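Q: Residue numbers (this note's numbering), protein chains in the order written: chain A, 5 to 318; chain B, 2 to 298; chain C, 388 to 692; chain D, 1158 to 1422; chain E, 1158 to 1422.
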Amino acid sequence: MRAWLKPVIYGAGGSLLLLGLAALFREGPRNLLADGRFWLLFAIWGAAWAVNAKIADCALRSATRGGVALLFGATLLLLWEVTVRVYQISPVILPAPSAVAAQFVASGPILWADFVQTILKGALSGWVIGCSVALLTAVLIDRSPFLQRGLLPVGNFVAALPIVGIAPILVMWFGFDWHSKAAVVVVMVFFPMLVNCVEGLKAADPMQRDLMQTWGAGWGQSLLKLRLPAAMPFIFNGLKIAGTLALIGAIVAEFFGSPVVGMGFRISAEAGRMRLDMVWAEILVAALAGTALYGAIALAEKRVTFWHPSQRGR
Amino acid sequence: MRALVPVLTVVAAILALWYLAAIWLNADWARDQAQRAGADLPFSELVSQTLSQERPKLPAPHQVAQEFHKLTWEEETEGRRGFVKSGSFSNRGLIHHALATLTATAFGFVIGSGFGILLAVGIVHNRAMDLSVMPWAIASQTVPIVAIAPMIIVVLNSVGVAGLIPKAIIAAYLSFFPVVVGMVKGLRSPDAMQTDLLRTWNASGFQALMRLRLPSSVPFLFASLKVGIAAALVGTIVAELPVGGAGLGTRLLAGSYYGQTIQIWATLIAAALLALLMVGAVGLVQRLTLKRMGFRA
Amino acid sequence: AEDVTLQLKWVTQAQFAGYFVALDKGFYEEEGLNVTIKPGGPDVAPVQVLMGGGADVMVDWLPSALAAREQGAPVVNIAQPFKSSGMMLTCLKESGVATPADFKGKTLGVWFGGNEYPFLNWMSRLNLKTDGSDVTVLKQGFNVDPLLQKQAACISTMTYNEYWQVIDAGVKPEDLITFKYEDEGVATLEDGLYVIEDKLKDPAFVEKMAKFVRASMKGWKYAEEHPDEAAEMVLENDETGAQTEEHQKRMAREVAKLTAGSNGALIEADYDRTVAALMAGGSDPVITKKPEGAWTHAVTDLALK
Amino acid sequence: MKDTLSLAEPVIEAEGLNLIFQAADGPVQALRDVSLTIRKGEFVSFIGPSGCGKTTFLRCIAALEKPSSGRLTVNGLSPEAARQSRAYGYVFQAAGLYPWRTIAGNIRLPLEIMGFSRADQAERVQRVLELVDLQGFGKKFPWQLSGGMQQRASIARALAFDADILLMDEPFGALDEIVRDRLNEELLKLWAATGKTVGFVTHSIPEAVYLSTRIVVMSPRPGRITDVIESPFGRERPLEIRDSPEFLAIANRVREGLRAGHIDE
Amino acid sequence: MKDTLSLAEPVIEAEGLNLIFQAADGPVQALRDVSLTIRKGEFVSFIGPSGCGKTTFLRCIAALEKPSSGRLTVNGLSPEAARQSRAYGYVFQAAGLYPWRTIAGNIRLPLEIMGFSRADQAERVQRVLELVDLQGFGKKFPWQLSGGMQQRASIARALAFDADILLMDEPFGALDEIVRDRLNEELLKLWAATGKTVGFVTHSIPEAVYLSTRIVVMSPRPGRITDVIESPFGRERPLEIRDSPEFLAIANRVREGLRAGHIDE
Ligand SMILES: Nc1ncnc2c1ncn2[C@@H]1O[C@H](COP(=O)(O)OP(=O)(O)OP(=O)(O)O)[C@@H](O)[C@H]1O
Ligand SMILES: Nc1ncnc2c1ncn2[C@@H]1O[C@H](COP(=O)(O)OP(=O)(O)OP(=O)(O)O)[C@@H](O)[C@H]1O
Ligand SMILES: Cc1ncc(C[n+]2csc(CCO)c2C)c(N)n1
Ligand SMILES: [Mg+2]
Ligand SMILES: [Mg+2]
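Structure follows, in structure tokens:
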């Protein structure tokens, strides 16, 4: 990319973001441009991107890679903090990151208990079950053209039932504790995973399939030795998307009934009490957990699909 | 057409299971009621009761079908606010709400997937974006949308943005991510020889994008779009909760307040039909595109 | 005409009949007001809407308003159409609960999101810990399923709403036992009207609110006398089309019992009782210091003149 | 020799085979009225201009393509049934290695599928790697090898299990003369020792003449057989026979046939 | 002729080129100390056992691979800069057609990228399709063509735009003798008429001798140049020269070089 393009693009992106933010607080664009506070934010953004783009261009080792991401995040946080302060936004609407951090530190045990309840018990178990069932279903569907034609449309239909409708029903069926949350997650991750698996199982190239045929490989063998490996890039795609959906699902399901522990419970309860710093501390936990899960999946993907062009040569 | 028999078979199997489940799940309540009334309950009576409760744990298929029919056809033809009498779809029927949800979803999906594709292109072409945006795009998805949806909507409302747009924004927020993940993978899927060839012609980044990366990402794109549109629907419905007004989400919630299971299920069916319709539309586009692109059937 | 936006605490239902009556009967118009009513819901925090500028005035419960005030949202009660509390705990007789003393060891369903304060206060009065050692607390969802499915021994209900859902589901009143917060002496003030403190410095705004409260109270008094008609108006304004006539008419009648006796002005004794209850929350009181300036008679004085 | 072969039982019998591809812009007749009998132990080469249907015919034999009409049996069974009894070793025109497996892993794959024992697998992998001169490359991934090495790996893969019928589609196309000569010799040795039946597509006339007991010359649009040439050479074929007058005579006849096919168009 | 060539300006200059691949199981030296100067208008063939680094060297010239050490210039520029000035037409060892484009679409692709006009594009596509004898196949998709046809399409693609430097990696591997002879002649005609500089990898000794002004013999592990043979033939080369004694002498020298490379191992 041409050297001068970068600052222009990032500048444009940044201003759009800031304009959007400012618009949220009912500053007309014209007042905005005359307002010193806006230019302060703009300067922070521009400076941070310049530094970031520089590092990224020479960043090769994984340590610096992480640094770029962190710097970007720090920039966003700084912008947020400064925005909240200079525009004096009520903590009831948007707490400052510093307040969230303070709350995060102060509420360690509560956050941990919520994390265990929602992520470890609800989301993870649901994710594992949902993804396995989807993979099995995909394989089953693949096995039988009859099922493929019959189950896929119906499967789409069933899996498209919106979580908001499903959650209360599943809470009614599976009780208030994490089991119902896991059930919601299962339903939620099933479809994305299924679609990716089905697509992936079609991904092996024709010559590779023909080879299997000449060896008289059975369906199971060609599945195990060809179709599944070839499907791996798609399957990991599904796992990643399902991973983030699982967190959302587990948290949202708690809105529809829960014991008095759990991230969704805390978020809805504390939001009602106007304690938004606690709400955001929970969101922070969710974001950390989600990123960790995603990172773990990405790492596994790198190991398993090292041969795929998207992993090679980078 | 080829699919008709298999689909019908599967549907029949599901209906059978559904009836059994309904009897099983609703039996407790029927027995309780009998006990409270001090009556005894022969099995045939139990079965017929479980399939006709007013607030069943799991409504029987025919109850849902009746409700669905009532909320669509009957409401529009006979209802006071129905299409026949008032010239517009009734707000008590499902069609009115489904249309509201459909527009917001479609709108949000277009924004979200468009943004997702752009972001993926940026990530693939620009190191800084790859390194810094991707982790935060991931983090953004782990923010429980329902937790911030009300805040977003409150804030947007306060600037006078109301109606369709806030819903579409939430829908876009949920649908952009699957598209980003899939497209990043897809845009990186051309093999070494294919990219090398372009290099020998000194194709620009943009040319490589248009002529190699995009075409070879198409299978990934469609897998993502299907997931994306389903996600957009979830987003819209979630966003409808605090917005109120028309929409299937509002309807679901309303059913939920009053524990009207049958109504919830009828609405769920409508929502799923909507999803099916949209995923089907994407599938159709996919088939046409792949055919044009010479992919083997 | 002057614009006023009212944010409700909950979905469009007869709980807010007075405002819809005032709207449909033209009481607001008579005062020269152009009123917009925004429905709420489980995900809407009215305080946030108010602070974000999305509304001028909101309906909220005093405990949650006071809690918000302590969190830095300076909201002020300007009127109190609800005289008495409609909250109660409804239990299945077969669960073995007969008196509050039986709560120990039972599972109780509670609404959270700012509505849990009266319950927590009551439990601390009863010396029952809510962390699971004495009673197990469930965050109940929107409806009465936990009771019907026997997932909880008792659930929170409103006299005008959820209680009737239990009845409608086929449970006989004699199979139930109810504890009204009013009767237990732990009642707190419910639906009141609140605005942001700053705005009250502007006499024009106070004037506008006075008109609003006057018209609203007129609506309420009309609704008390004509509950069925009031319910019709609510239905007319329900965009979701989910409410049923029968349920809303009954709700309007029940709500009339709660608004009876209020002329709109906050009764200081009731306020003090609520504050005392909230501050006595044991180890985890809802509010830690006595709120200052959380209510004003400025508006009602003007309105009732 | 010739006589014993023509007396051997037929392995592949094709009669009046036609194959028509339905392409978007109209049907393409890839094979017309192809009749051919290949007996056990024969080494039959197919030669013909590009696009004349050699690959297609081989694919039909291996049950990878279904003829539109005509009769085709393999070992008296349908090709489908023969495939299921694992009668074929097939080398494709392109290497077609699986990118997620190492070279050794690729060669081991059919052995795993056919249920060879672990020890046997390792031994066979080692043997064929040596045969194609790739010892030491077993742990590499396909994309780390040169084109010719990939081609050899794919040959090794087809030789690793002892299929009765070897179908090879230009296996030596990407190899230099020296390696080609060596592999030609190895292939002949293997063939002589095991009595396999071989179907072999090549573009090199000397190679075809050197290796085959029969040479099938094909002609394109539509693909058909224009000549079948018997070779007078026995199973033992020293490289020197390539300078004999019989050899040159046959080579010339093949060349004529080929040329005719080209002029035809 | 020879003299005018050695006086022409150098186009490709390699000096002490080394390239080491870092594989997971240790480094692989693909090129060692390769020095070679190719002058404008030369036709240089590379021949050598499989895996000796021919492809790798061609890729270095085309800036697809970065040498680990040594100097390499193209037209006096870095290979990278030469690439940016679109100096190369490259034919890969495998056809590498884009599966979502028709044959004509594939050939048109570089033309689109280089901004040729629509009319010019159509005209060129038509011309090169005829050149490789694929007229009428423009609308097919790659998988509807036979292996040899795909290979020819890929040659056509590299010829469609007039690059000054043609790099061809075994372009005629999958073609039969007749077609190969024809394309050899065509290539020579093109070369004689345009004065392009050609780098050509082949496994066929006669082909190398027939086409080249110089033949570079390479040897593997590590890949290096073992012999460079000048050809005495001029630009005009009738097919008959293949029977001349000079031709056979050169062919023999190349064969010796090749054999040495194989024994080396
Ligand atoms: N990406 C890579 N990683 C590791 N080793 C490689 C890679 N590419 C090539 N090699 C090795 O480099 C050597 C030279 O390979 P190259 O492709 O240049 O051979 P070649 O002369 O073209 O052979 P052929 O005639 O078979 O195509 C080989 O030993 C090969 O294994
Ligand atoms: N899947 C297909 N769809 C349509 N046409 C096809 C298909 N496969 C092959 N053909 C056509 O069938 C004919 C024969 O192809 P085949 O691959 O058998 O040729 P071949 O003799 O192997 O040629 P080569 O020596 O170039 O590999 C060709 O004209 C080709 O275009
Ligand atoms: C999740 C949830 N939270 C709180 C309430 C309580 N609530 C808010 S307004 C109101 C008046 C009665 O309708 C009541 C009871 C609920 N029902 N559901
Ligand atoms: Mg072929
Ligand atoms: Mg090579």
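Backbone N, C-alpha and C define an ideal beta-carbon position, used for all residues, glycine too. Since this is a predicted model, take the numbers as computed values, not measurements.
Mind checking whether C/K574 and C/Y581 have CB atoms under 7 Å apart?
A: Inspection of the sequence shows that residue 574 of chain C is occupied by Ala rather than by Lys. Contact: no.
Q: Three-state secondary structure (DSSP) at E/Y1247?
A: Strand, per DSSP.
Q: Using a Cβ cut-off of 7 Å (strictly closer), state whether A/G204 contacts chain D.
A: Taking Cβ atoms only, chain D never reaches closer than 7 Å to A/G204, which makes this a no.
Q: Classify C/E418: buried if its beta carbon has 16 or more other beta carbons within 10 angstroms, exposed otherwise.
A: C/E418 is buried by the Cβ-count criterion.
Q: Determine the chain A residues that contact B/T104 at a beta-carbon separation under 9 Å, and present them in chain order.
A: Neighbours of B/T104 on chain A: none; closest Cβ ~16 Å, over 9 Å.
Q: Please report the distance separating the alpha-carbon of B/V280 from that of B/A231.
A: Approximately 7 Å between the Cα atoms of the pair.
Q: Beta-carbon of A/R307 versus every beta-carbon of chain B: anything under 7 Å?
A: No, A/R307 does not count as interfacial toward chain B.
Q: Identify whether C/T575 lies in helix, strand or coil by the three-state DSSP scheme.
A: Coil, per DSSP.
Q: With DSSP as the reference, label C/N464 as helix, strand or coil.
A: Here C/N464 sits in strand by DSSP.
Q: Does the beta carbon of D/Q1283 fall short of 6 Å from some heavy atom of ligand 5?
A: Incorrect: D/Q1283 has no Cβ contact closer than 6 Å to ligand 5.
Q: Can you confirm whether C/F499, when its beta carbon is compared against all beta carbons of chain A, has any partner nearer than 7 Å?
A: It does: the Cβ of C/F499 has a partner Cβ on chain A nearer than 7 Å.
Q: By the three-class DSSP mapping on this structure, what secondary structure does A/P172 have?
A: Of the three classes helix, strand and coil, the one that applies to A/P172 here is helix, per DSSP.
Q: Mind listing the chain C neighbours of B/G246? Cutoff is C-beta to C-beta under 7 Å, in chain order.
A: The contacting residues are E626.
Q: Specify, as a first and last residue, the run of the beta strand (DSSP E) that D/E1199 falls within.
A: First-last for D/E1199: undefined, no H or E at that position.
Q: In terms of residue numbering, what span does the alpha helix (DSSP H) encompassing A/L140 cover?
A: Its alpha helix (DSSP H) spans residues 129-147.
Q: DSSP on C/P505, reduced to helix/strand/coil?
A: Note: C/P505 maps to helix in three-state DSSP.
Q: Give the range of the beta strand (DSSP E) segment to which E/L1176 is assigned.
A: Start and end: 1167-1180.
Q: Measure how close the beta-carbons of C/Q435 and A/V283 come, nearest whole angstrom, since I'm counting them as under 8 Å.
A: The pair is not a contact, with the Cβ atoms about 11 Å apart (cut-off 8 Å).
Q: For ligand 4, enumerate in chain order all residues having a CB closer than 6 Å to any of its heavy atoms.
A: Result: D/K1211, D/T1212, D/Q1250, D/D1326, E/S1303, E/G1304.
Q: Quick one: what does DSSP say B/V219 is sitting in, helix, strand or coil?
A: If DSSP states are grouped into helix, strand and coil, B/V219 belongs with the helices.
Q: Just curious, the beta strand (DSSP E) that C/K567 is in, first and last residue?
A: That run of the beta strand (DSSP E) goes 563-567.
Q: DSSP puts E/L1386 in a beta bridge; with which residues?
A: The sequence shown places Ile at residue 1386 of chain E, not Leu. Paired residues: E/I1372.
Q: How is D/T1230 classed by DSSP in three states: helix, strand or coil?
A: It is a strand residue.
Q: Which of the three DSSP states, helix, strand or coil, is assigned to E/D1326?
A: Strand, per DSSP.
Q: So E/I1204 and E/I1362 are in contact, right, with Cβ under 8 Å, and what is the actual spacing, rounded?
A: Contact holds; Cβ gap of about 7 Å.
Q: Given 8 Å as the limit, is there contact between the segment 195-202 of chain A and the segment 135-144 of chain A, that is, 3 or more CB pairs closer than that?
A: The answer is yes - the segment 135-144 of chain A touches the segment 195-202 of chain A, with three or more Cβ pairs under 8 Å.
Q: Looking only at its chain, what residues have a beta carbon closer than 7 Å to the beta carbon of A/L83, apart from the 5 residues adjacent to it on each side?
A: These residues qualify, in order along the chain: L45, I48, W49.
Q: Could you list which residues in chain D have their beta carbon closer than 9 Å to that of A/W219, in chain order?
A: Those within 9 Å of A/W219 in chain D are R1240, R1243, Y1245, G1246, Y1247, L1266, P1267, I1270, M1271, F1318, A1320.
Q: From which residue to which residue does the beta strand (DSSP E) around C/M474 run?
A: Segment 474-479, the beta strand (DSSP E) holding C/M474.
Q: Under 7 Å, do A/G130 and A/A250 count as touching if we go by C-beta distance?
A: Going by C-beta atoms, A/G130 is nearer than 7 Å to A/A250.
Q: Looking only at C-alpha atoms, which of D/M1271, D/S1388, D/W1300, D/L1332 sits nearest to A/S226?
A: Looking at the Cα atoms, D/M1271 is the closest of the given residues.
Q: Is any heavy atom of ligand 1 found at a distance shorter than 6 Å from the C-beta of E/A1187?
A: Indeed, a heavy atom of ligand 1 lies less than 6 Å from the Cβ.
Q: Grab me the residues of B/A298's own chain with a C-beta within less than 6 Å of its C-beta, minus the 5 sequence neighbours each way, in chain order.
A: The predicted position of B/A298 is uncertain, since its pLDDT is 46 and thus under 50; no value can be drawn from it.
Q: Among residues of its own chain, excluding the 5 on either side of D/E1222, which ones have a beta-carbon nearer than 8 Å to its beta-carbon?
A: Within the same chain, D/E1222 has close Cβ partners L1176, T1213, R1216.
Q: Output needed in chain order: residues of the segment 516-531 of chain C with a Cβ under 7 Å from some Cβ in chain A.
A: Listed in sequence order: V524, L525, K526, Q527, G528.
Q: Can you list, in chain order, the residues of its chain whose CB lies under 6 Å from that of B/I171, leaving out five sequence neighbours each side?
A: Once the five neighbours on either side are set aside, the close Cβ partners of B/I171 are A150, G236, A240.
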